[in-house]
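Respectively, the protein sequence lines represent chains A and B. Residue 61 in this note's numbering sits at position 61 of the first sequence, with consecutive numbering throughout. Residue 1176 in this note's numbering sits at position 176 of the second sequence, with consecutive numbering throughout.
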Amino acid sequence: MGPSGAGKSVILKHIIGLLKPDAGDVWVQGKSVPDLTPDELRGLRRNMGYLFQHAALINWLSVFENVALPLKETRELSPSQIQDKVEHVLKLVRMEGDLQKYPAELSGGMQKRVGLARALVTDPRIILYDEPEAGLDPEMSTSVSRMIRRLRDELHTTSITVTHSWACAQLIADRVALFEKGALVTEAPLDAFLSDPHPRVSEFLGQSK
Amino acid sequence: MSNPFLHFGNRFLRPLLVNGGYGVFLAGQVFVRIPHLYRRRQTFKDQLFLGGIKTLHVSLLVGFFIGMIVSLQVGLELAKYGQQENIGLLVSILMAREMAPFVTAIILAASVGSAMAAELGTMKVQEEITALDVLSVDVVSYLVLPRVIALTLVSPILTLLSVWVGTLGGGVIAVTQLGLDFSGYAHNAMTALQDIGGTIPLPASLYSGLIKSIVFGFATAIVSCASGLHATNGAQGVGQTTRSAVRDSIILIIVLNFFLGKFLLH
């Protein structure tokens, strides 16, 4: 968590290797991400899913094609296997009835859910969520947050979520870290975080609530 | 896909390397991925349709009028010396060597190249290209390859048609303004185009124009895709990207036209 410009999304981009750190290192699954070759990075990313702030669906592909894309491009699967897998993940995010729709025909919340299905379709072990509640009304934001928690519990994946919404964090987090101006302020389990003595925690929570 | 020239240290050379160097790098990446084309056949067909069929009417119309302009301007001068019967030769050679490849390339840069830059630029600023990267999708193979190869193939086809309608347009002027017989004009034009070149056993004027058009199509597509993949700053950035793609393509076409013309003449 953290205010805008704290460097939350930048951390996610470092974890998935979209950015290289100016100093220091990033370790994921025992590998130093900045030192990976392009092929090794692709291998690491196959174990990771990423939900973009605005879903980043490919506009000229249907919902089905968007979700099937990583399977078609990076896995050796038959068309029927792809069909089954895509339908399965779309059912998980409750979008099974909109296979043939295009992103422009979907609401922001529906686009997020399709983005989530696309992140899940490769069976990742780690999922990164970049402000999943951004641009959604409170009701839809709560619904997406609940879905993230349900998927985490059902699929047993590690989830790292960037948010500035305390309501979202309360729904999905086991541990919370607060960032400010590119630095870690504090990090603790959810319950302990509430009683963290650092003055920025109470300030941030007060503003976030 | 990151640009390896973005962090080049010299601030005077950086813009040239970021644009030009990346274009050359991207062209190399496209060549390496040509075997992927069968896998990209659907996008390739879509791009052939966009580049070929959707710009066909513009190319034909412009080609026809260019032929008429050349015929009118050159024919009137030739008529002063009583040489107007050679107008067919001049129109067909000018159309085949220079005007058709050049004008077709400009049309393609303005219509197809700008659309490519805008499409890829929009995808870039909306993080769709980053998403493809994260999903381990090869962006060059998926987005750039079918566009580049389609435009490279469409360009000589449109050029050939432009030569044909341009020569026809020249004929209209030859008959209506210069008082020539159309069959004589056509015979003159065809004779000029049948002149076989020394190096390649094909009509010299036609093949030099077609080689130019292939290079122009390839260069336009590479410049447009490279610009699109570099877009930043939202809608304003996409606008700037599109403008710079068209501007750089036209500059490159003119420069290449000179050097190719010089090379192919020899």
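Ideal Cβ positions, reconstructed from N, Cα and C, are used throughout, including at glycine.
Around the beta carbon of histidine 1230 (chain B), 16 or more other beta carbons sit within 10 angstroms, so the residue counts as buried. Residues of chain B with a Cβ closer than 9 Å to the Cβ of arginine 113 (chain A) do not exist, since the nearest Cβ in that chain sits about 15 Å away.
Comparing alpha-carbon positions, the option among B:Leu1193, B:Arg1147, B:Ile1107, B:Thr1167 lying closest to valine 1246 (chain B) turns out to be B:Ile1107. Under the three-state reduction of DSSP, serine 159 (chain A) is assigned to strand. Note that the C-beta distance between serine 1136 (chain B) and threonine 37 (chain A) is not below 7 Å. Secondary structure at serine 32 (chain A): strand, using DSSP grouped into helix, strand and coil.
DSSP places isoleucine 126 (chain A) within a strand segment (E or B) once states are collapsed to three. Counting C-beta pairs with one atom in each stretch, the region 44-58 of chain A and the region 123-139 of chain A have three or more that are closer than 8 Å, which means they touch. By the rule that beta-carbons nearer than 7 Å mark a contact, leucine 1135 (chain B) touches chain A. Legend: CB atoms of the region 13-30 of chain A lying less than 8 Å from CB atoms of chain B belong to residues Ile16, Leu18.
For glutamate 65 (chain A), the closest Cβ of chain B is not nearer than 7 Å. Here the alpha carbon of glutamine 170 (chain A) sits roughly 19 Å from the alpha carbon of serine 9 (chain A). Interface flag for glutamate 1127 (chain B) against chain A is set, since a Cβ pair is found closer than 7 Å. Valine 162 (chain A) and valine 176 (chain A) have their C-alpha atoms some 10 Å from each other. Under the three-state reduction of DSSP, threonine 1232 (chain B) is assigned to coil, being neither helix nor strand. Counting only Cβ-Cβ distances below 9 Å, leucine 92 (chain A) has no contacts in chain B at all, with the closest Cβ about 18 Å away. If you keep only unbroken beta strand (DSSP E) runs of at least 3 residues inside the region 44-102 of chain A, you get 48-51. Excluding residues up to 5 positions away in sequence, Ser62 lie with their Cβ nearer than 6 Å to the Cβ of tyrosine 102 (chain A) in the same chain.
Secondary structure at threonine 37 (chain A): coil, using DSSP grouped into helix, strand and coil.
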